[in-house]
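If you read the protein sequences in the order shown, they are chains H and G.
If you count by this note's numbering, then the first sequence holds residues 1392 to 1723, one letter each, in order.
If you count by this note's numbering, then the second sequence holds residues 1392 to 1723, one letter each, in order.
Protein chains: 2
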Amino acid sequence: MATIADVARAAGVSPMTVSNVINGHPHVRDSTRAKVLAAMTALDYRVNVAARNLRRGRTGVIGLAVPEVNRPYFAQFAAAIIAAAQRRDLRVSIEQTGATRENELAVLGLSRNRLYDGLILSTVGMGAADTEHLKVPYPVVILGERIFNGPVDHVAMPNAGGARAAVRHLADRGCRRIAMLTGVETTEVGVSELRLTGYRLALQDLGLRYDPGLVQRMDEMSMGAAAERVHAMVTGGLDFDGLFCLTDTAAMGALRALADLAVAVPEDVKVIGFDNIEEGRFLVPSLSTVDPDHQAMAESAVGLLARRIDGGAGHEEFVSRFTVIARESTAV
Amino acid sequence: MATIADVARAAGVSPMTVSNVINGHPHVRDSTRAKVLAAMTALDYRVNVAARNLRRGRTGVIGLAVPEVNRPYFAQFAAAIIAAAQRRDLRVSIEQTGATRENELAVLGLSRNRLYDGLILSTVGMGAADTEHLKVPYPVVILGERIFNGPVDHVAMPNAGGARAAVRHLADRGCRRIAMLTGVETTEVGVSELRLTGYRLALQDLGLRYDPGLVQRMDEMSMGAAAERVHAMVTGGLDFDGLFCLTDTAAMGALRALADLAVAVPEDVKVIGFDNIEEGRFLVPSLSTVDPDHQAMAESAVGLLARRIDGGAGHEEFVSRFTVIARESTAV
DNA sequence: TTGTAGGCGTTATCAC
DNA sequence: GTGATAACGCCTACAA
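The structure is reproduced here in structure tokens:
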């Protein structure tokens, strides 16, 4: 529990000099530096981050708010964010919002207590009407579509474009009755709606009729819910030969349900997901998907936030590129 | 950026009274409280956490160091920890160690900067020889076996017991040549060794001969590495009818490799994992596993840490119960 | 019930 | 190249 003052006393210098040594200031005589370093070692000195934060007005911590870390996609994203932050000497504190609007707003409020230097917020429940809430006195990067015109940076996925490509991929492999497994209509520009837009655009491209019966909405994007829904679709006699799932996680559930019902994938139904979670490669059959390049998104989110923390102005938007990854679940 | 002083001025009271209102002290006249609250709202006052931390000597943040959040098991665990911490008004900052000894030690050092009130450390790379490093001036809960006699609490999994039960489960279903997919020998009491102990004990119980050739060690516990290794085992002509995988993640890779080689699961080889990750239920075939009750472990880890933060003494150890979950991969 | 004084540990400023 | 001073915003003790 030694303080700078203790070290200064031991080294026979002033606290300020110790501080200068700690912070690598150039104008310190080598012999002085040596004395100070020796004293620091002897006393096992550690900086008190709270005091430094108070003085500097910064915490060195950024917040990351995601629905739940225990979802492969967000886990992957969180891992990438933490790694990117580490490279910039920032620590990451994670908040779980459960994908609800209230919790997303609560996180914005929390951070106003200067807990974090900045916040990366994955918006799922919030909508355009909540733009006001984004007017907070610290940098925010929204992970999601440009829902808001507020004073925030955005890191977006190519939702519509990726979905469009996924559906085209199914059609290229011969599918004509392509179903989509998506979420409930939350906000007009939520992930579900954007990917649904891509789905519809693809159908148009292909000259296929849009059949609302093929669009299946689920309350919750879990493997279990997806499995149940697909089960119901098949036993209910819905006719489809392709299935585009909103997320890979949902696709995992779908694959399981199809296996239960002895519907062969890809022979009877071809399945494609979205996110490229690591697990997809190892499923049986392995899962075709849209890869939105998390790495680039994470790097960009942290980069934008860091720039803003350092006083950068102007609101930027980053949209990652995507790739369609063809695996067994859509093989011909 | 209003401070307590600003609020006090606006409300016509002293800063101390504002502080009392903020912290819910009882002896404040209602009318005074009302005035203060009004001023706080008007000025949009937010406490400065850095200042409060400095004064209180606490940060309200606990560190959670895991190899990587992007591994289903640790993601699940992290989610549970964060939820448990949230219930106690603690925030969780995550560090990724990559399962290396150096990084685990580095995290211990980091936290000495009073960044966290306490630390939950998942030890993988550290061994008994590192006990010294655990002597840090803040509470630590080790997630892992009682490797150390140091001044720390432990939250342990029933590694040996769970492994023993898993192997017995395979034998009960008719397996006689049971292979184990495990990690490299790191520490004498690492997860790999403990579960291997369970494996050997089970063989003894069953009167089966221990065949070192059936114990397959991998450098890295990933799906990809496991798939490769199992591929090599089969194409190399290794004779086995049961496979106990160190983790469910490894088992996912194993299942994939077996499918590639047209080895039927469970008919030709039965497979069981360890961890009960959520995905296991949805694999094809669904994965039998040992469930170590993460929920209880997480709750207990945060509970122990919170108690220590609040000054509790004495080193406790919590070992969770386990259950063997039988699914398709070990069906008869 | 409310207010005053002081210090938590660090660092920016500016003088020497 | 080094150091004195002051301040970051809050809260514990004590006084009124």
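Note that the Cβ used here is the ideal one computed from N, Cα and C, for glycine as well.
Practice item. Have a look at H:T1573 and H:R1620 and give me their C-alpha separation to the nearest angstrom. Key: 11 Å
Review point. Counting only runs that start and end within the stretch 1544-1581 of chain G, where is the alpha helix (DSSP H) found for 4 or more residues in a row?
Key: 1550-1563
Practice item. Pick helix, strand or coil for H:R1608, following the three-state DSSP scheme. Key: strand
Exercise for review: Entirely within the stretch 1609-1678 of chain H and at least 4 residues each: give me those alpha helix (DSSP H) ranges in chain order.
Suggested key: 1614-1626 and 1639-1651
Exercise for review: Taking C-beta pairs closer than 8 Å, name the residues in chain G that H:M1392 reaches, listed in chain order.
Suggested key: P1528
Review point. Taking Cβ to Cβ, would you say G:M1614 is nearer than 9 Å to G:R1647?
Key: yes
Check your understanding: Measuring CA to CA, which of G:A1396, G:A1556, G:A1642 and G:V1656 is closest to G:L1434?
Key -> G:A1396
Exercise for review: Would you check if there are 3 or more beta carbon pairs closer than 8 Å linking the stretch 1529-1536 of chain H to the stretch 1591-1605 of chain H?
Suggested key: no
Point to revise | Cβ-based contacts, 7 Å cut-off: residues of the stretch 1557-1570 of chain G near chain H | key: When C-beta distances to chain H are compared with 7 Å, every residue of the stretch 1557-1570 of chain G stays at or above that value.
Practice item. Note down the Cα distance separating H:M1431 from H:E1576, rounded to an integer number of angstroms. Key: 59 Å
Exercise for review: May I ask you to report which of helix, strand or coil DSSP gives H:E1708?
Suggested key: strand
Exercise for review: Closer than 7 Å by beta-carbon distance: list the chain H residues that pair up with G:A1441, in chain order.
Suggested key: A1441, N1444, L1445, T1450 and R1505
Review point. Should the stretch 1443-1453 of chain G be regarded as contacting the stretch 1506-1522 of chain G, the criterion being three or more beta carbon pairs within less than 8 Å?
Key: These segments touch.
Check your understanding: Can you tell me whether DSSP reads H:T1514 as helix, strand or coil?
Key -> coil
Practice item. Could you spell out the range, first to last residue, of the beta strand (DSSP E) harbouring H:R1699? Key: It is not in any beta strand (DSSP E) - H:R1699 instead sits in the alpha helix (DSSP H) that spans H1685 to I1700.
Review point. For the alpha helix (DSSP H) that contains G:D1397, what are its first and last residues?
Key: I1395 to A1402
**Study point:** Runs of alpha helix (DSSP H) lying entirely within the stretch 1469-1505 of chain G, each at least 4 residues, in chain order
**Key:** 1492-1502
Exercise for review: Grab the span of the beta strand (DSSP E) containing H:A1724 for me, first residue to last.
Suggested key: For chain H, the structure presents residues 1392 to 1723; residue 1724 of chain H sits outside this window and is missing.
Practice item. Just grab the DSSP bridge partners of G:I1381 for me. Key: Residue 1381 of chain G lies beyond the range of chain G shown here (1392 to 1723); nothing can be said about it.
Review point. Between G:P1463 and chain H, is there a C-beta pair that is closer than 9 Å?
Key: yes
Check your understanding: Mapping DSSP to helix, strand and coil, what is H:V1527?
Key -> The three-state reading of DSSP puts H:V1527 in coil, since its state is none of H, G, I, E or B.
**Study point:** DSSP state of H:V1715 mapped onto helix, strand, coil
**Key:** DSSP places H:V1715 in strand when its eight states are reduced to three.
Check your understanding: Can a CB atom of chain G be found closer than 9 Å to the CB of H:F1665?
Key -> no
Point to revise | Test item: CB-CB of H:L1674 and G:L1649 under 9 Å | key: no
Practice item. With DSSP collapsed to three states, give me the class of G:V1681. Key: G:V1681 falls in the strand class under three-state DSSP.
Point to revise | Burial state of G:H1416 (16 or more Cβ within 10 Å) | key: exposed
Review point. Roughly how many whole angstroms lie between the Cα atoms of G:F1635 and G:A1617?
Key: 12 Å
Review point. Which one of H:H1418, H:M1571, H:I1716 and H:E1669 has the shortest CA to CA distance from G:P1463?
Key: H:E1669
Point to revise | For G:M1688 and G:F1665, the rounded distance between their alpha carbons | key: 15 Å
Exercise for review: Return the first residue and the last residue of the alpha helix (DSSP H) that H:R1443 is part of.
Suggested key: H:R1443 -> alpha helix (DSSP H) spans V1440 to R1447.
Review point. Hey, does G:E1670 have any beta-carbon neighbour from chain H nearer than 9 Å?
Key: Answer yes: the Cβ-Cβ gap between G:E1670 and chain H drops below 9 Å somewhere.
Review point. Would you call the CB atoms of G:N1461 and H:A1466 closer than 9 Å?
Key: yes
Practice item. Tell me where the alpha helix (DSSP H) around H:V1412 begins and ends. Key: P1406 to I1413
Point to revise | Straight-line Cα distance separating H:Q1686 from H:S1484 | key: Whole-angstrom Cα-Cα distance: 19 Å.
Check your understanding: Among residues of its own chain, excluding the 5 on either side of G:P1676, which ones have a beta-carbon nearer than 6 Å to its beta-carbon?
Key -> V1656, E1719 and S1720
Practice item. Count the CB pairs spanning the stretch 1517-1527 of chain G and the stretch 1488-1496 of chain G that are closer than 8 Å, and state whether there are at least three. Key: yes
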